[in-house]
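The sequence shown begins at 33 in the numbering used here and counts up by one.
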Amino acid sequence: MGDSESPEDVQLEARLEEQEAFEPPESFVEQANVSDEAIYDEFAENWPDCWERAADLLDWEEEYDAVLDDSNEPFYEWFTDGKLNASANCLDRHVADGRGDEAAIEWVGELGETRTYTYAELLDEVEEFAAALRDLGVEEDDVVTMYMPMIPELPVAMLACARIGAPHSVVFAGFSADALATRMNSADSEYLVTCDGYYRRGDALDHKDKADEGLSGVDHGVDTVVVDRLGDDLDHDLGDGQHDYDDLVAEHEGASVDPVTRDAEDMLFLMYTSGTTGEPKGVKHTTGGYLSYVSWTSQAVLDIEADDTYWCSADIGWITGHSYIVYGPLALGTTSVMYEGTPDYPEKDRLWEIIEEYGVDIFYTAPTAIRAFMKWGKEYPAEHDLSSLRLLGTVGEPINPRAWKWYYKHIGNEECPIVDTWWQTETGGMMVTTLPGVNTMKPGSAGPPLPGVDAKVIHPNKAEVDPGQAGHLTVQKPWPGMLRTLYKNDERFVSEYWAEYSDADEDEWIYFPEDGAKIDDDGYITVLGRVDDVLNVSGHRLGTMEIESAIVGVEGVAEAAVVGGDHEMKGEAVYAYVITEDGYEEGDDLRDRIVEGVEDAIGPIARPEQVVFTPELPKTRSGKIMRRLLEDIANDDDLGDTSTLRNPDVVDDIQAKVGDD
Ligand code: PRX
């Protein structure tokens, strides 16, 4: 925090520091979309039909027969036999309602340029691009991959796919060429939409070379569409099978493409995410359940209304951007702000400037960003009028009470409720959070499960933990936004999420998200973090095995173990413990090649914070690497008893090396 604290500030900080519970302001409650706590009972008493309330937010071409079909657990189906189209729900119906001239997307580029897409304009371009995709040969159910930064053509392409019933698979632009190839191969995706480059801190970054390199690793033919983001700043040649986005859209100017009728259970998109093995998981989301769920949670939790200006600062390359920049907000007909760049360019007040300029009502970001804002200082938000804000949200990792209170005071001016929303790529939308117009907020604790969501914290024997105790977070009833399976891998879907706690003989199906949590007296859930080998680095989900296999692929590396160490800004940071091959020297050269290897295989987000060379890794007598111990070493924590190790002597060596660095 800044260092020029006035006595009033100090007093206020002291008061805030002690305060453990915060009530939503009356002014917020009065206008909230949901303000009656009876909603919890209503959902509980009327489950699963309570979810009709979510489905009612959409336009259906044909009504569904059943809210839930659980005849083939855990392959649940929602709103069965209902028919709808996601792009028609996000666009056409708003235009038909006479709201075509209202802004759907307010895009802000990093160089300061802006573009507004009204609903009518967005619909036009979506239809034109949908027609172009069809011309390229895209048919219903073909997976179209997108490898794009935060430019408006990304949501256009997603909605164009949704319009013609082609599932999209968006690969985060910060992922490497290899990561793109792996995902395209896994999805058998024969179409790619990408761009020439984008801007970061004012510099033009090449993206097309990375996309081309990725394509060289794809084992089948691909048609590629390239958006020209950089104009004359970076020239590119289009190769065989590569098409210019602007040309395609121009060729189809004025095209009209009817939205394809999709079954509720038809796939809307695939999103690859990290798991415990090296192979990313293709999470499958469907049209009816997912769209209902993100619309409902956008309305109930983010309190979005059509005439709001709403801003989620996530990247569309992750699930948060899918659910809460594109699908939820647009289904509700609001204005969604989209920002291309970094929060501290050209100055550290960039986000606050945008909030002031657009009169943003609702702002949703990640704790890692809030920690950065805190470090930069309260003077940056103080320079701007943020009084348009009505609600704040966070997602992606636990938020510590200090960061929560800073956000509450310096961004929300103690007038905006904060929703700390726990959910995952797999859950499609929010699961555990306060309802901002209903519940007391407790900094650091996400809150109760949402109405209709049966989240429980349990012991290994499945008994619920007592208040104050920690256990595993589980979800014991299905919900409409849930993933339906892992793409072409039903077996892994069952083993990853259901095997731990379900009992098929008893017809008991329990979803295990691989998070640990604590429960309070009042039923509030404090999420503690992953209990599997998945790291959360700056809110980005990374598998330790993916990073390990990248490191082992580097010449000179014999064995590697990757763990997460605590990090003040990133939450967690990557620690790599590496054994060299005989004949190779430990040192900066190998360290650089390891970092490069990780960046090539995954991307800069997975870059190790520390590479620690060690002659051995601590192993149990049965030969398993003791990751917990490596984590404790990274965090300089007490190591406890290490005598059961096969090689206890190695511990001191490693500790000394970590300390040295
Ligand atoms: O560990 C939890 C953490 O992020 C994981 C899910 O990551 P991903 O699928 O990439 O989705 C992130 C955005 C929804 C979870 O298993 N996580 C997410 N939100 C929170 C959280 N941890 C604590 N509090 C949260 N609010």
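Built from N, CA and C at the ideal position, the CB exists for glycine as well.
inquiry  = Considering only the alpha carbon of each residue, which of Tyr356, Glu528 and Leu518 lies closest to Leu323?
reply    = Tyr356
Taking 7 Å as the cut-off, is the CB of Glu185 close to at least one heavy atom of ligand 1? Not so, every heavy atom of ligand 1 lies at least 7 Å from the Cβ.
> So, are the CB atoms of Thr517 and Tyr543 less than 8 Å apart?
Replying inline: The answer is no: Cβ separation not under 8 Å.
According to DSSP, is His275 helix, strand or coil? strand
query: When every heavy atom of ligand 1 is checked, does at least one fall within less than 7 Å of the C-beta of Ile657?
result: No, the Cβ of Ile657 stays beyond 7 Å of every heavy atom of ligand 1.
Work out the CA separation of Glu337 and Leu266 for me, nearest whole Å.
40 Å
(request) Rounded to whole angstroms, what's the CA-CA distance from Asp417 to Glu388? Just pull it up for me. (result) 6 Å
Express the C-alpha separation of Ile196 and Ala163 in angstroms, rounding to a whole number.
9 Å
- Run the CB neighbour count on Tyr529, radius 10 Å, all protein chains shown included, and call it buried at 16 or more, exposed below. When all chains shown are included, Tyr529 counts as buried.
Practice item. State the CB to CB distance for the pair Ile394 and Asp335, rounded to an integer number of angstroms; the pair is presumed to be in contact (CB under 8 Å). Key: 7 Å
Note to self: Which same chain residues end up closer than 7 Å to Asp564 when comparing Cβ atoms and leaving out the 5 residues on each side of it in sequence?
What the structure shows: Thr308 and Glu546
- Query: Hey, would you say the C-beta of Pro361 is under 7 Å away from at least one heavy atom of ligand 1?
  - Reply: no
Notebook entry, point to check: By Cβ distance below 6 Å, which residues in the same chain neighbour Leu155 in space, the five residues on each side in sequence not counted?
Noted result: Leu123 and Val127
Let me check one thing: in DSSP terms, what residues is Trp110 bridge-paired to?
Paired residue(s): Leu100.
Bounding residues of the beta strand (DSSP E) (the contiguous stretch that carries Gln331): Counted as a single uninterrupted DSSP element, the stretch harbouring Gln331 is not any beta strand (DSSP E) but the alpha helix (DSSP H) occupying residues Thr319 to Ala332.
Throw me the rounded Cβ distance for the Gly349 and Val202 pair, which I believe falls under 8 Å. Their Cβ separation, rounded to whole angstroms, is 6 Å, which keeps Gly349 and Val202 in contact under 8 Å.
- Query: Near Gly391, what residues of its chain come up, given a Cβ to Cβ distance below 7 Å and the 5 sequence neighbours on each side ignored?
  - Reply: Thr341 and Ser420
(Q) For the pair the segment 323-332 and the segment 598-610, tell me if three or more CB-CB distances fall below 8 Å. (A) no
Extent of the continuous alpha helix (DSSP H) to which Met190 belongs: Glu185 to Ile196
Cα separation between Ser119 and Thr367?
Distance between the alpha carbons of Ser119 and Thr367: 16 Å.
Confirm the yes/no value for this check: CB of Asp598, any heavy atom of ligand 1, distance under 7 Å. Outside the cutoff, so no.
Hey, would you say Val175 sits closer than 8 Å to Ala213, going by beta carbons? One thing to note: Val175 has its Cβ no nearer than 8 Å to the Cβ of Ala213.
Note to self: 8 Å is my cut-off, CB to CB: does Ala688 come that close to chain D?
What the structure shows: Protein chains in the displayed structure number just one, and chain D is not present.
Compare the beta carbon distance of Pro512 and Trp139 with 8 Å and say whether it is the shorter of the two.
no
Distance, Cα to Cα, Lys651 vs Tyr609? 13 Å
Distance between Gly655 and Glu94 (C-alpha atoms, nearest Å): So the two alpha carbons sit approximately 57 Å from each other.
Does DSSP put Ala502 in a helix, a strand or coil?
It is a strand residue.
Check: Buried or exposed: which applies to His239, given that a residue is buried once 16 or more other Cβ atoms fall within 10 Å of its Cβ?
Finding: buried
### Query
Based on the DSSP secondary-structure assignment, which residues constitute the bridge partners of Val176?
Per DSSP, the beta bridge partners of Val176 are His200 and Tyr223.
**OP:** Give every residue of the same chain whose Cβ lies closer than 7 Å to the Cβ of Asp347, excluding the five residues on either side of it in the sequence, and list them in chain order.
**Re:** Excluding its 5 nearest sequence neighbours in each direction, Asp347 has C-beta neighbours in its own chain below 7 Å: Met182, Phe204 and Gly353, listed in chain order.
Problem set entry | Boundaries (first-last residue) of the alpha helix (DSSP H) holding Ser581 | Thr576 to Val584
In or out: Arg47 buried (at least 16 other Cβ within 10 Å) or exposed? Arg47 should be labelled exposed.
Let me make sure I understand the geometry here. Which of Pro80, Ser288, Phe405 and Ala332 has the alpha-carbon closest to that of Tyr377?
Phe405
Worksheet entry | Spatially closest choice to Gly548 from Thr150, Tyr151, His504 and Ala282, by CA coordinates | His504
Practice prompt. With hydrogens ignored, establish whether the beta-carbon of Asn568 is closer than 7 Å to any heavy atom of ligand 1.
Written response: It does: the Cβ of Asn568 is within 7 Å (strictly closer) of some heavy atom of ligand 1.
Legend entry - When Val61, Lys242 and Lys313 are compared against Glu631, the one with the closest alpha-carbon: Glu631 has its Cα closest to that of Lys242, out of Val61, Lys242 and Lys313.
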